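Engineer:
2 protein chains.
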Amino acid sequence: MQDPQKAADELVFAVRDLCLRGAMIDTNVQDRDLGDPMFDPFWEAAQNLDVPVFLHPFSLAPVRRFNRYYLHNVVGYPFETTLAAAGLIFGGVLRRFPRLRVVLVHGGGFLPYQIGRFDRAFTAREESRMLSTEAPSQSLRAFLYDSLTHGPAALRFLIDVVGADRVLLGSDFPFGMGDPEPIRAIEEAGVDEETRRAICITNAARLFSDP
Amino acid sequence: MQDPQKAADELVFAVRDLCLRGAMIDTNVQDRDLGDPMFDPFWEAAQNLDVPVFLHPFSLAPVRRFNRYYLHNVVGYPFETTLAAAGLIFGGVLRRFPRLRVVLVHGGGFLPYQIGRFDRAFTAREESRMLSTEAPSQSLRAFLYDSLTHGPAALRFLIDVVGADRVLLGSDFPFGMGDPEPIRAIEEAGVDEETRRAICITNAARLFSDP
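Line by line, the protein sequences are chains Y and V.
Count the first sequence with this note's numbering and you get residues 1 to 211, in order.
Count the second sequence with this note's numbering and you get residues 212 to 422, in order.
As structure tokens, this is what we get:
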């Protein structure tokens, strides 16, 4: 069984003693949603240390249809990122820890395109308002996103909805599903020089700077 | 156990004898992927009858984290639509039945935003090329999509990547997660009059016209 306080202690050790600049964690903890209040000690430590936390999907929900065509990766990983973001949003974590810096990989999974559906649930369904107090789209800019959308139209859309200051160059290196030429992807999106510089250099420099 | 031939026969009966103009089916058959060649008799009948098939998600993969915040609907339904589309694409159904007209609801689930990831898998992974012979993005315009994205930026993005001739006005009526003012959503997206007319009128008129 995972011990959230020990995870928080390990994060403090990694940052204070090992001088690491952040942490990367899975998108769920033994199939438990990251927004569960039981994990608050970890998020509190990350906020207090002022270091970013990358969510990188690895453990998957047991979906039988993932077993073909590499779908566990193609659909499963962005699905996991989306569930993790949903947990942090609807679970109220981003409200309880407003200075958290959480990075969603693979262009934020499916979140940016369907954030309107999240808002619709917040309006229409009591279950969605249990632990959160504002529309999910208000949290869109609380996350950071990597640029790994594998397409110029999707990347322009991402920048459009979350803002150029929230997007970081993403390669997914060393994984086979990564983009071998991530900088070219930024250029192919046809962004202006200021946006290109923010995504390729300054956003990451700010994120990993000394706390 | 589902009998694909009987499902095909029922579709023929519904269209020929009952004069229905199409069918709506679930996004999976007892957790089986719709692209499985075992279902070819059904797709063949739909193509021969020249009637559209709507995929509307209902039965869900057993994901424990769906049980909070209405996520079974918010994330689960578009996820099911995405898995169904992935099955039809990677399973080669759209290649075997090129005149099929399949409608994806809720703005196509997560497909439009992450279609580049599908293409990346097709390039990078042999598993993804087992039954399909062209990049998944080549199939994007083989589907039709409803407009129910719950946001103007997402709707503009959808129209941008699939084309205005592939988008139909969607309300999701009578469900609570629907949009009570779907025409206003089209107008708020700021599309031109030709696009508005296509989405609100002519695309559907063409889709449901006499075969």
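Even for Gly, the Cβ is constructed at its ideal location relative to N, Cα and C.
Computed from a predicted structure; not experimentally measured.
Do you know how far the Cα of L168 of chain Y is from the Cα of F143 of chain Y?
Structural biologist: 11 Å
Engineer: Can you list, in chain order, the residues of the segment 267-301 of chain V whose Cβ is nearer than 8 Å to any Cβ on chain Y?
Structural biologist: A272, P273, V274, R275, R276, R279, Y280, Y281, L282, N284, V285, V286, P289, F290, T293, L294, A297, G298 and F301
Engineer: Would you call the segment 338-355 of chain V in contact with the segment 290-301 of chain V, where contact means no fewer than 3 C-beta pairs closer than 8 Å?
Structural biologist: yes
Engineer: Is there a Cβ of chain Y sitting closer than 9 Å to that of P252 of chain V, yes or no?
Structural biologist: No, no contact with chain Y.
Engineer: In whole angstroms, what separates the C-alpha of E10 of chain Y from that of L49 of chain Y?
Structural biologist: 12 Å
Engineer: Please report whether the beta-carbon of E188 of chain Y lies at a distance below 9 Å from any beta-carbon of chain V.
Structural biologist: Interface with chain V (9 Å Cβ-Cβ cutoff): E188 of chain Y is excluded.
Engineer: With C-beta atoms as the reference, is T81 of chain Y less than 9 Å away from L55 of chain Y?
Structural biologist: yes
Engineer: Measuring only between beta-carbons, confirm whether N28 of chain Y sits less than 9 Å from chain V.
Structural biologist: yes
Engineer: In chain order, which beta strand (DSSP E) runs of at least 3 residues are fully inside the segment 273-318 of chain V?
Structural biologist: Taken in chain order, the complete beta strand (DSSP E) segments of 3 or more residues contained in the segment 273-318 of chain V are 313-315.
Engineer: With a cut-off of 8 Å on the beta carbons, I'd call Y70 of chain Y and S339 of chain V a contact; round off their distance for me.
Structural biologist: Right, their Cβ atoms sit about 5 Å apart.
Engineer: Does chain V have any CB closer than 9 Å to the CB of M130 of chain Y?
Structural biologist: yes
Engineer: For N239 of chain V, which beta-bridge partners are listed by DSSP?
Structural biologist: Answer is V:D244, bridged to N239 of chain V.
Engineer: Under 6 Å Cβ to Cβ from F321 of chain V, same chain only, skipping five residues before and after it: list those, please.
Structural biologist: P289 and T293
Engineer: I'd like to know whether the C-beta of R336 of chain V is nearer than 9 Å to at least one C-beta of chain Y.
Structural biologist: Chain Y, which has a Cβ nearer than 9 Å to the Cβ of R336 of chain V, makes this yes.
Engineer: What's the gap between the Cα of F333 of chain V and the Cα of R16 of chain Y?
Structural biologist: 43 Å
Engineer: Closer than 9 Å, CB to CB, is R328 of chain V near chain Y or not?
Structural biologist: yes
Engineer: In the DSSP output, which residue or residues are listed as bridge partners for A234 of chain V?
Structural biologist: Its beta-bridge partners are V:V264.
Engineer: My output table needs one value for F368 of chain V: the three-state DSSP class, helix, strand or coil.
Structural biologist: Reduced to three states, the DSSP call for F368 of chain V is helix.
Engineer: Please report the residue range of the beta strand (DSSP E) in which D119 of chain Y lies.
Structural biologist: From DSSP, D119 of chain Y is part of no beta strand (DSSP E) but of the alpha helix (DSSP H) over L111 to A124.
Engineer: Just reading off the beta strand (DSSP E) that L342 of chain V is part of, what are its end residues?
Structural biologist: Careful: L342 of chain V lies outside any beta strand (DSSP E) and carries neither H nor E.
Engineer: On the DSSP bridge assignment, give the partners of F354 of chain V in chain order.
Structural biologist: V:V313
Engineer: Taking the alpha carbon of L315 of chain V as the point to measure from, which residue in V:L342, V:R279, V:L271 and V:V264 has its own alpha carbon closest?
Structural biologist: V:V264
Engineer: Measuring CB to CB, does D160 of chain Y end up less than 9 Å from G170 of chain Y?
Structural biologist: No, they are not a contact pair.
Engineer: When you compare the CB positions of A364 of chain V and A409 of chain V, do they come within less than 9 Å of one another, or not?
Structural biologist: no
Engineer: Identify the contact partners of V374 of chain V in chain Y, using a Cβ-Cβ distance below 7 Å as the criterion.
Structural biologist: The identity of residue 374 of chain V in the sequence shown is Gly, whereas the question assumes Val. Those do not exist, as G374 of chain V stays about 12 Å from chain Y at its closest Cβ, beyond 7 Å.
Engineer: For G439 of chain V, return the contacting residues in chain Y, with the cut-off set at a CB-CB distance below 8 Å.
Structural biologist: It is not possible to answer for residue 439 of chain V, since the shown part of chain V is limited to 212 through 422.
Engineer: Kindly say whether A153 of chain Y, judged by its beta-carbon, lies nearer than 9 Å to any beta-carbon of chain V.
Structural biologist: yes
Engineer: Looking only at its chain, what residues have a beta carbon closer than 6 Å to the beta carbon of A451 of chain V, apart from the 5 residues adjacent to it on each side?
Structural biologist: Limits of chain V in this structure are 212 at one end and 422 at the other, which puts residue 451 of chain V out of reach.
Engineer: Could you tell me the alpha carbon to alpha carbon distance between P182 of chain Y and R156 of chain Y, rounded to whole angstroms?
Structural biologist: 14 Å
Engineer: Compare the beta carbon distance of L18 of chain Y and I25 of chain Y with 9 Å and say whether it is the shorter of the two.
Structural biologist: no
Engineer: According to DSSP, L379 of chain V sits in a beta bridge with which residue or residues?
Structural biologist: The partner list for L379 of chain V (beta bridge, DSSP) reads V:D357.
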